[in-house]
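Chains as they are written, first to last, in our numbering: chain A, 3 to 208; chain B, 3 to 208.
Number of protein chains: 2
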Amino acid sequence: MNGRSPEPLVRNTGRRNEATILNAALQAFGTSGFNGASMRDVAKGAGTSLSNLYNYFPSKSKLLAAVLRHANGELQRRVAHAVDDAGNDAPSRLREAVRAHVGFVVDHQVATLVATNEVRYLDPADRTELVSHRDATQATFEHIVDQGAADGVFCTPYPGDAARAILGAVAAIASWYRQDGPLSRGQLAEQYARYALALLEGPLPR
Amino acid sequence: MNGRSPEPLVRNTGRRNEATILNAALQAFGTSGFNGASMRDVAKGAGTSLSNLYNYFPSKSKLLAAVLRHANGELQRRVAHAVDDAGNDAPSRLREAVRAHVGFVVDHQVATLVATNEVRYLDPADRTELVSHRDATQATFEHIVDQGAADGVFCTPYPGDAARAILGAVAAIASWYRQDGPLSRGQLAEQYARYALALLEGPLPR
DNA sequence: TGTGTACATGAATGGCCGTTCTCCTGAGCC
DNA sequence: GGCTCAGGAGAACGGCCATTCATGTACACA
């Protein structure tokens, strides 16, 4: 049951070909990097003409910004829902947040890689906006860590950087995970949830 | 005592300007990415002429390969020495390995970023070589984890991916650490060594 | 003194890139 | 029918890029 067809990141936007173009751009930027991929590549991938791209996005850089906004939004949505559905104690909340994050990384490996590697190519204004959105997601994790530290369930002497460490490990999954490898999506999420709790010196199941 | 002048990654190679060129290339690739940086940028950074670069390296791609070989070599050397100088038990060995790795990331942030983000732009042969070198460094960590698991000191039920998780967290430091921030190099290394031991569910000091 | 070799340079060359321009089509609406 | 407007296409333009070429200097060494 491992062979899910790779769900596109962007589904529907109201404009006829926008989603197709965004997904093609994601693929192109993921394969060759922002500077390595040309607008011609994106057009080819989207099955449209080079000039038509400019009917949707005013520049290559704004196209990247749009792709990253969709990726970030989807991640933020998944993590937020997971935390909302979890219990009130920090360990369960952290567990569900990590599981959701790992799920996103596995479902959208390319988007994760592009989001971490290509942000720097945005113009300053877009970069600032995107970084602040990313920081908001990170803050979700930091608040949970703070809560657990305050409650005394996370005993690490270094709670300040723990969220960053956890998120770094999770994001790195995107650079080695293979869908046809030995680990299922669920097993991987389970493992990393435990890694996170252990790193925080929190309560471990079993 | 935090303001160390950034030691260049490459020090001396026997050819007159090779080190200068390699360090300039590292800087250029780090700032703009492999495809975003031009050979003209590298030449300017090295204070030499565009065409002279080709007296040292046959192509831009081989130049990147040389940069990455130096970065990887330095990391591997530091980790190997640290492990050699450590005790024989897995926890001390892991602790020293992590401390050395964090030290490298802090001392050579740009090299770490380039090494993780730009490997994919090498031609296949160089990429294969570089990846196998990187895997060798990773294997050092994996062996320590295996040793600790066999000895019963690392109790994590998932020792198989733990090294990857730790290395992912450590590499991510390069994308947020600031020399003038609140954490010294040594404190950071200490923190991450503890994170690593905790993640493995190993013995914790104090 | 002559010869090879390492290092260095400025000027091409051919190609691709982002972007723009001009034009075309078809659907919705008066 | 006539108008608008979103969506679409091909051809061009100016610019930058990796690489090569022709040429020059200076030093080692026979």
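Idealized CB from N, CA, C, for every residue including glycine.
Interface with chain B (7 angstroms Cβ-Cβ cutoff): A:A27 is excluded. For A:E76, the enclosing alpha helix (DSSP H) covers residues K62 to D87. A Cβ-Cβ separation of about 13 angstroms leaves B:R80 out of contact with B:A88 under the 8 angstroms criterion. Taking 7 angstroms as the CB threshold, A:N74 stays off the interface with chain B.
The shortest CA-to-CA distance from B:S134 to any of B:G154, B:L70 and B:A102 is the one to B:L70. Contact annotation: the region 31-38 of chain A touches the region 20-37 of chain B, with at least three C-beta pairs closer than 8 angstroms. Taking a beta-carbon distance threshold of 7 angstroms, A:Y179 does not count as an interface residue toward chain B. What B:L201 touches in chain A, judged by beta-carbon distance under 7 angstroms, is Y197, A200 and L201, going in chain order. If you check each beta-carbon in the region 35-49 of chain A against every beta-carbon of chain B, the ones closer than 8 angstroms belong to G35, F36, N37 and G38. With the rule of 3 Cβ pairs closer than 8 angstroms, the region 92-110 of chain A counts as touching the region 176-189 of chain A. Taken in chain order, the members of the region 162-177 of chain A whose beta-carbon sits within less than 9 angstroms of a beta-carbon on chain B are G162, D163, A164, R166, A167, I168, L169, G170, A171, V172, A173, A174, I175 and S177. Runs of alpha helix (DSSP H) with 4 or more residues, each lying fully within the region 16-56 of chain A, are found at 20-34, 41-48 and 52-55, listed in chain order. Against chain A, the CB of B:Q193 has a partner CB under 7 angstroms away; the residue lies at that interface. Taking a Cβ-Cβ cut-off of 8 angstroms, the neighbours of A:T158 in chain B comprise R196, Y197 and A200, given in sequence order. Interface criterion not met: the Cβ of B:N19 is under 7 angstroms from no Cβ in chain A. Near chain B, meaning a CB-to-CB distance below 8 angstroms, the residues of the region 116-141 of chain A are T118, N119, R122 and Y123. Distance from the CA of B:N90 to the CA of B:C157, rounded to the nearest whole angstrom, comes to 18 angstroms.
In this structure, the straight-line span from the alpha carbon of B:P207 to that of A:F143 is close to 26 angstroms. Distances from the CA of B:Y58 to each of B:T15, B:P93 and B:P10 were compared; the closest alpha carbon is that of B:T15. With a cutoff of 7 angstroms on beta-carbon distance, A:L201 and B:A200 are scored as near each other.
Cβ contact annotation for A:L190 (same chain, cutoff 8 angstroms, sequence separation greater than five): V104, V108, I175 and Y179, in chain order. The three-state reading of DSSP puts B:T130 in helix, counting H, G and I together. A distance below 7 angstroms separates the beta carbons of B:I146 and B:A92. At a Cβ-Cβ threshold of 7 angstroms, A:A30 and A:V44 count as neighbours. With respect to A:V12, A:A21 sits close: the two C-beta atoms are nearer than 7 angstroms.
Non-local C-beta neighbours of A:R122 in its own chain, meaning closer than 8 angstroms and more than five positions away in sequence, comprise R129, ordered along the chain. Contact between A:A171 and B:G170 holds: their C-beta atoms lie close to 4 angstroms from each other, under 8 angstroms.
Cβ-Cβ separation between B:A138 and B:Q78: approximately 7 angstroms, consistent with a contact (criterion under 8 angstroms). Here the alpha carbon of B:R136 sits roughly 16 angstroms from the alpha carbon of B:D163. Here B:E98 is buried: its Cβ has 16 or more other Cβ atoms, across all protein chains shown, within 10 Å. Inter-residue distance for B:D182 and A:L124 is about 25 angstroms (C-alpha atoms, whole angstroms).
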